[in-house]
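Input: a single structure, listed below in structure tokens.
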Amino acid sequence: MLNPDTTAFVFPGQGSQSIGMGYDLALNYPSAKKIFATADKILGVNLSNICWEGPKDKLDDTYNT
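So the sequence shown is numbered by this note's numbering: it starts at 16 and just counts up by one.
So, in structure tokens, the structure goes:
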């Protein structure tokens, strides 16, 4: 379980993304999986799938990064 008092998410910026990023986190922490699902719903884009499976050109698209 994530502790909001000691947990930080750092986003290093465009160009550092890679296929598979966040997958292990979502696989091992239900709360992280829920955050990905919530983001997908709010954004109207299956960002989880783009992050975890690509394709690379779609992941690198400025709109998605």
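No residue lacks a Cβ here, since even glycine has one placed at the ideal position from N, Cα and C.
Keep in mind that this is a model prediction, so the values were computed, not measured.
> Counting Cβ pairs, one atom from each stretch, are 3 or more of them under 8 Å apart for the segment 58-75 and the segment 22-42?
Replying inline: yes
> Considering only residues of the segment 28-53, which uninterrupted alpha helix (DSSP H) runs meet the minimum length of 4 residues and lie entirely inside it, listed in chain order?
Replying inline: 38-43
> If residue 41 and residue 47 are in contact, beta carbons under 8 Å, what's the gap, nearest whole angstrom?
Replying inline: By 1-based counting over the sequence shown, the position of residue 41 is 26. By 1-based counting over the sequence shown, the position of residue 47 is 32. Sure, about 5 Å apart at Cβ, within 8 Å.
> Where does residue 55 sit, in a helix, a strand or coil, going by DSSP?
Replying inline: Taking the sequence shown and counting its residues from 1, one reaches residue 55 at position 40. If DSSP states are grouped into helix, strand and coil, residue 55 belongs with the helices.
> The alpha helix (DSSP H) spanning residue 64 covers which residue range?
Replying inline: Looking up residue 64 in the sequence shown gives position 49. Boundaries of the alpha helix (DSSP H) harbouring residue 64: 62-68, taken from the DSSP string.
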